[in-house]
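Reviewing the structure listed below.
Protein chains in written order, with our numbering: chain A, 1 to 290; chain B, 291 to 561.
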């Protein structure tokens with residue numbers, strides 16, 4: 001299954017207009033963590049918040065809806081949220097923690113939970129892992145190249161970055177600066193080229209843009225906890241959903257194509273590397289299958 | 291109980307251990323009718339790993355009284371060679387050895403070699419035993435034994451069957467490993483078997499085995515696992531403060547790009 005195992009897939013968005021204004025897509029991460037905070041399901045969430053430098057994310061331990069709203073929106077470079085879980089558990093003393101991450105980050109956390117060799121009393125504190133779809137990630141210098149060199153736009157002026165419809169966009173308010181996605185190829189980090197996971201198959205809930213119209217998100221609920229928290233948020237009216245049927249465009253077909261495409265391409269790259277005598281993480285071979 | 295483990299090492303002369311499985315109200319409880327004999331040896335370690343074992347507050351008394359027999363050891367029971375009770379080392383199903391071994395300390399050398407002879411399985415318990423960890427920095431010249439300078443991980447001296455790294459190994463991994471052993475869940479223990487002779491020791495291994503091999507995604511799990519905050523994440527890559535690194539190997543073991551237990555994750559989280 002190219003989407004991993006899941007309980008339900010839905011088209012969804014946050015109902016709060018404040019969240020809709022700042023969110024990358026449907027605002028699912030912000031809305032779900034806000035709900036979980038309010039309900040005491042979590043006491044804090046490690047999210048990719050703003051740092052002193054524009055478009056450089058920094059893990060932030062969000063303790064309120066305001067903190068979450070400040071962190072909303074995709075930053076197309078690294079935010080080591082997994083690292084900050086330790087701070088959340090130790091320095092902040094949180095007993096119930098949520099975090100959001102790319103598939104590789106969720107993989108690191110899940111491995112730690114199953115084999116917590118040296119992470120005493122961290123694994124049991126993690127109550128909600130939200131995974132985001134991820135085709136690839138970029139070193140920060142790559143983003144600078146796209147925005148400042150290729151589009152001739154100042155990073156400080158960019159209000160939103162987005163990848164979609166075959167293009168990389170950097171919005172500045174006045175005009176939509178864009179480059180074809182082809183021009184970003186070769187700038188992604190090399191480790192992404194063997195990644196077996198597009199839709200965060202191991203998260204409690206995973207969400208992303210592809211499959212649903214602008215302003216909405218595709219959501220997979222996966223674990224029992226993830227499913228029940230998401231459903232409770234829907235029941236509470238924090239998130240609205242539509243069935244993922246033929247009325248939702250572009251629909252699951254495109255998501256399926258992209259997920260299979262990533263797995264196939266990266267499996268091929270893994271095989272190429274193995275032929276050269278380079279290592280691939282033990283256990284990845286099964287992960288490319290669908 | 292240890293049959294599968296022994297088979298995986300190509301030996302088959304062990305006696306089968308009987309266990310009684312009870313299903314009560316949907317709960318599965320395994321009570322060995324023939325409890326495994328466990329030993330604990332403390333060589334050049336700090337007792338941190340066995341302290342960590344005792345931090346399994348909820349299950350500790352059940353574990354120690356119902357599930358296993360501790361037949362040898364200084365800290366948990368008063369029985370060790372040249373000690374108060376045991377004139378001779380008893381036979382053990384599993385012997386946990388904490389600490390590295392000082393080559394200039396005759397007693398340590400004898401104890402680990404005897405342990406190998408008397409144990410079906412030897413577990414390197416904690417990073418010092420697995421790969422030397424902090425004792426890799428030892429270089430002698432101190433009172434009262436200036437000659438005590440050379441400390442090696444267990445696998446330099448004896449065959450080690452499995453390793454439970456960490457500085458200390460977490461209470462949870464100790465509990466999970468012991469429960470897996472009792473339930474004969476070899477699948478879960480496979481990674482511990484695979485790293486029994488681990489010689490990857492420090493943050494430098496992340497650089498050479500992960501970053502240099504185009505595998506690092508900057509996820510930050512290594513920095514989470516580091517017990518001394520020697521790892522900083524800079525521009526999406528771990529950077530190692532070698533003056534803080536104590537060579538415990540936790541970063542390398544935890545990295546999802548060294549090995550990845552997909553099936554076990556799916557099983558544990560019902561994914």
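Heads up, the beta-carbon is just placed ideally off N, CA and C, and yes, glycines get one too.
8 Å Cβ cutoff, residue i in contact with chain A
| i | result |
| --- | --- |
| residue 325 (chain B) | no |
| residue 316 (chain B) | Because the pLDDT at residue 316 (chain B) is just 49, under 50, the model does not fix this residue reliably, and the value given afterwards should be weighed accordingly. Chain A, which has no Cβ nearer than 8 Å to the Cβ of residue 316 (chain B), makes this no. |
| residue 313 (chain B) | Because the pLDDT at residue 313 (chain B) is just 49, under 50, the model does not fix this residue reliably, and the point stays unresolved. |
| residue 463 (chain B) | yes |
| residue 504 (chain B) | yes |
| residue 509 (chain B) | yes |
| residue 388 (chain B) | no |
| residue 559 (chain B) | yes |
| residue 486 (chain B) | no |
| residue 436 (chain B) | no |
| residue 514 (chain B) | yes |
| residue 555 (chain B) | yes |
| residue 380 (chain B) | no |
Beta carbon proximity, residue i to chain B, threshold 8 Å
| i | result |
| --- | --- |
| residue 300 (chain A) | The requested residue 300 (chain A) does not occur in the structure, where chain A is confined to residues 1 to 290. |
| residue 20 (chain A) | no |
| residue 83 (chain A) | yes |
| residue 151 (chain A) | no |
| residue 243 (chain A) | no |
| residue 180 (chain A) | no |
| residue 140 (chain A) | yes |
| residue 3 (chain A) | no |
| residue 14 (chain A) | no |
| residue 302 (chain A) | This structure cannot settle anything about residue 302 (chain A), because the visible part of chain A is limited to 1 through 290. |
| residue 294 (chain A) | Residue 294 (chain A) cannot be examined here, being either before or after the span of chain A that is shown, 1 to 290. |
| residue 265 (chain A) | no |
| residue 90 (chain A) | no |
| residue 202 (chain A) | yes |
| residue 292 (chain A) | Chain A is shown from 1 up to 290; residue 292 (chain A) falls before or after that span and cannot be answered. |
Environment of residue i [buried if 16+ CB atoms lie within 10 Å]
| i | result |
| --- | --- |
| residue 117 (chain A) | buried |
| residue 298 (chain B) | With a pLDDT of only 49 at residue 298 (chain B), under the threshold of 50, the placement of this residue in the model should not be trusted, and no figure is reported. |
| residue 544 (chain B) | buried |
| residue 454 (chain B) | buried |
| residue 13 (chain A) | buried |
| residue 154 (chain A) | exposed |
| residue 113 (chain A) | buried |
| residue 409 (chain B) | buried |
| residue 288 (chain A) | buried |
| residue 551 (chain B) | buried |
| residue 346 (chain B) | buried |
| residue 127 (chain A) | buried |
| residue 276 (chain A) | exposed |
| residue 110 (chain A) | buried |
| residue 524 (chain B) | exposed |
| residue 235 (chain A) | exposed |
| residue 540 (chain B) | buried |
DSSP bridge partner residues for residue i (one or two, in chain order)
| i | result |
| --- | --- |
| residue 161 (chain A) | A:170 |
| residue 362 (chain B) | B:329 |
| residue 176 (chain A) | A:171 |
| residue 528 (chain B) | B:523 |
| residue 412 (chain B) | B:385 |
| residue 534 (chain B) | Looking at the DSSP assignment, residue 534 (chain B) forms no beta bridge with any residue, so it has no partner. |
| residue 8 (chain A) | A:221 |
| residue 549 (chain B) | A:282 |
Near the ligand FMN: residue i beta-carbon under 7 Å from a heavy atom
| i | result |
| --- | --- |
| residue 147 (chain A) | Of the ligands one can find in the structure shown there are none, so the ligand FMN has no counterpart to examine. |
Give the residues from the stretch 271-283 of chain A that approach chain B closer than 7 Å (Cβ to any Cβ), ordered along the chain.
278, 279, 281, 282 and 283
What are the start and end residues of each continuous alpha helix (DSSP H) run of 4 or more residues lying completely inside the stretch 416-449 of chain B, in chain order?
417-421
Interface positions of the stretch 536-553 of chain B facing chain A (Cβ-Cβ less than 8 Å), listed along the chain
538, 540, 543, 544, 545, 546, 547, 548, 549, 550, 551, 552 and 553
Give, in chain order, every unbroken run of the alpha helix (DSSP H) that is at least 4 residues long and sits entirely within the stretch 476-516 of chain B.
476-484, 493-496 and 511-515
In the stretch 184-195 of chain A, which residues sit with their C-beta less than 9 Å from some C-beta in chain B, listed in chain order?
189, 190, 191, 192, 193, 194 and 195
Suppose only complete runs of 3+ residues qualify. What are the beta strand (DSSP E) ranges in the stretch 190-250 of chain A, listed by chain order?
205-208, 217-221 and 239-243
Give, in chain order, every residue of the stretch 221-238 of chain A whose Cβ lies closer than 8 Å to some Cβ of chain B.
222, 223 and 224
Taking Cβ-Cβ distances below 8 Å as the criterion, which residues of the stretch 93-117 of chain A are in contact with chain B?
101, 102, 104, 105, 107, 108, 109, 110, 111, 112, 113, 114, 115, 116 and 117
Completely contained beta strand (DSSP E) runs for the stretch 23-65 of chain A, where each covers 3 or more residues:
44-50 and 57-62
Name the residues in the stretch 441-469 of chain B whose C-beta lies less than 9 Å from a C-beta of chain A; which are they?
454, 455, 456, 457, 458, 459, 460, 461, 462, 463 and 466
Any C-beta of chain C within less than 8 Å: which residues of the stretch 337-370 of chain B qualify?
Considering every chain present, this structure includes no chain C. Its protein chains are A and B.
Members of the stretch 22-56 of chain A that neighbour chain B once the beta carbon cut-off is set at 7 Å
none
Between the stretch 519-531 of chain B and chain A, which residues of the former have CB atoms less than 7 Å from a CB of the latter, in chain order?
523, 525 and 526
Please specify which runs of the alpha helix (DSSP H), each continuous and at least 4 residues long, are wholly inside the stretch 87-150 of chain A, giving them in chain order.
103-114 and 140-144
Please list the segments of the alpha helix (DSSP H) lying wholly inside the stretch 334-359 of chain B, counting only runs of 4 or more residues, in order along the chain.
338-344 and 347-352
If you scan the stretch 260-290 of chain A from start to end, which runs of the alpha helix (DSSP H) of 4 or more residues do you find wholly inside it?
284-287
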